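Note that UniProt numbering has the sequence shown beginning at 1, numbered continuously upward. Presented below is the structure to which this report refers.
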Amino acid sequence: MLPVNAHTQHIQCAFCDESLTAGTQHMFVDTPYASCADHRCVMLARQIHLVANGMPQTQLAFKIQHCHQQRVNQIRADAERKAIRAHQYTRTQAALAEAYPQTQIDDAAVIDLPSGPAQPTKISVARISAYQQHLKKIIATAIDANSEDDFPNDNEYSAPPRRQEMDDLLSGDNRLREVSDACCSYCKGGCCVIGKDHAYLVPITIFRYLHDHPDETPQALLQRYLDLRPEVVMADSCINHTPEGCALPRELRSEICNGYYCDSLKTWHNHAKSIDKKNNGEEPNNTWVYIAQWSYHNWNQTSHDDHQVIATDRIQLH
């Protein structure tokens with residue numbers, strides 16, 4: 001039976017409860033898993049559609065209800081994150097107004113930065129062992145593969161074009177490179193914390209490196225990674241995250257690491273490019289970028305709203 005709103009008698013999306021009227025786009029409207037046009041609801045509807053044929057009604061109803069609850073939880077989490085971001089926006093504005101009281105600051109020129117871990121620690125024997133086992137496993141998988149098609153199409157698999165696009169963007173604009181480097185220096189690895197004992201390294205990382213370096217043996221590569229492993233790392237972060245930065249050279253890092261910038265910085269990249277278009281490629285004189293650095297790291301910024309702005313600064317574009 002189709003989900004029906006008792007008040008309006010309109011068919012509803014089975015996942016987010018949005019009304020499906022003649023004026024809205026929707027899919028599978030003649031099924032119990034009718035979906036609105038939101039890509040997340042469509043994805044759930046397609047998942048059910050693939051297995052619905054021949055499925056008992058009670059089992060189908062249970063699966064629809066499970067997906068509905070999944071989507072409701074997602075909507076609730078999105079709303080909570082939006083509220084926290086709004087609260088953080090107010091705090092950012094207050095902190096910058098206090099630091100630069102005579103300045104009218106354009107919202108688009110503000111970059112909210114996370115913070116990397118501040119406490120260095122000696123690496124444990126358990127972490128060293130876990131990292132070594134991970135390296136052996138991914139190297140073994142890499143040398144068993146015949147081509148890149150043997151690996152899953154995940155973020156690392158699809159990262160090279162995005163990394164190259166970012167490299168081209170930064171190499172073509174000194175201001176973007178200057179601001180990006182400065183922001184990463186302020187942050188000190190807020191995006192590195194979930195690298196843990198795998199350092200974002202996966203089999204396809206190794207496969208690509210060995211393909212590009214045919215004279216290097218897998219055994220030599222393993223030893224090179226182990227030789228580069230630091231003795232002192234930042235607490236609760238990637239095993240290669242040191243007080244001075246990443247212990248690995250760029251050629252040994254994952255494509256994800258080499259091409260990653262946080263959302264706030266990428267938003268500013270887009271702002272800077274839009275200014276270029278408006279000014280025929282010339283940045284107005286005395287233009288500043290304002291930085292508000294927060295107590296959160298890159299992956300927990302919307303988990304709760306008790307984070308604080310811990311530092312402010314500004315960079316003049318040249």
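Using N, Cα and C, we set each Cβ at its ideal position, and we do this for glycine too. In this text, all values refer to a predicted model and were calculated from it rather than measured experimentally.
The ligand NAP heavy atom lying under 7 angstroms from the CB of residue i
i: Trp268; result: Summarising the ligand content, the structure contains no ligands, and the ligand NAP is consequently not present.
Status (buried if at least 16 other CB within 10 Å, exposed otherwise) for residue i
i: Leu20; result: buried
i: Phe62; result: exposed
i: Pro117; result: buried
i: Lys122; result: exposed
i: Arg224; result: exposed
i: His39; result: exposed
i: Gln25; result: exposed
i: His318; result: exposed
C-alpha gap between residue i and residue j, whole angstroms
i: Ala52; j: Leu201; result: 38 angstroms
i: Arg250; j: Ala34; result: 47 angstroms
i: His211; j: Gln69; result: 45 angstroms
i: Pro160; j: Asn153; result: 12 angstroms
i: Tyr186; j: Ala142; result: 36 angstroms
i: Glu148; j: Ala126; result: 32 angstroms
i: Tyr296; j: Glu216; result: 40 angstroms
i: Pro230; j: His241; result: 8 angstroms
i: Ser158; j: Val309; result: 34 angstroms
Cβ distance (whole Å) where residue i is taken to contact residue j below 8 angstroms
i: Trp288; j: Pro114; result: That pair is no contact at about 21 angstroms.
i: Lys136; j: Leu222; result: 7 angstroms
The alpha helix (DSSP H) enclosing residue i, as first and last residue numbers
i: Gln74; result: 57-99
i: Leu44; result: 39-52
i: Val125; result: 125-144
i: Pro120; result: Premise fails: Pro120 lies in the beta strand (DSSP E), 120-122, not in any alpha helix (DSSP H).
i: Val232; result: That residue, Val232, is in no alpha helix (DSSP H); its beta strand (DSSP E) goes 232-234.
i: Tyr290; result: No alpha helix (DSSP H) holds Tyr290; the beta strand (DSSP E) holding it covers 288-294.
i: Val185; result: Val is not the amino acid found at residue 185; the sequence shown has Ser there. Note, Ser185: alpha helix (DSSP H), 174-187.
i: Phe207; result: 203-212
i: Arg229; result: No alpha helix (DSSP H) holds Arg229; DSSP gives it neither H nor E.
i: Arg163; result: 159-171
Endpoints, beta strand (DSSP E) assigned at residue i
i: Ile310; result: 309-316
i: Leu113; result: 110-113
i: Ile256; result: Per DSSP, Ile256 belongs to no beta strand (DSSP E); it is in the alpha helix (DSSP H), 255-259.
Test item: CB-CB of residue i and residue j under 8 angstroms
i: Thr92; j: Val110; result: yes
i: Asp197; j: Ala247; result: no
i: Met298; j: Gly190; result: Correcting the residue type first, residue 298 is Asn in the shown sequence and not Met. Contact: yes.
i: Pro203; j: Ile138; result: yes
i: Thr71; j: Cys36; result: Note on identity: in this sequence residue 71 is Arg, with Thr being the wrong assignment. Going by C-beta atoms, Arg71 is not nearer than 8 angstroms to Cys36.
i: Asp30; j: Ser264; result: no
i: Arg163; j: Leu170; result: no
i: Ile239; j: Val232; result: no
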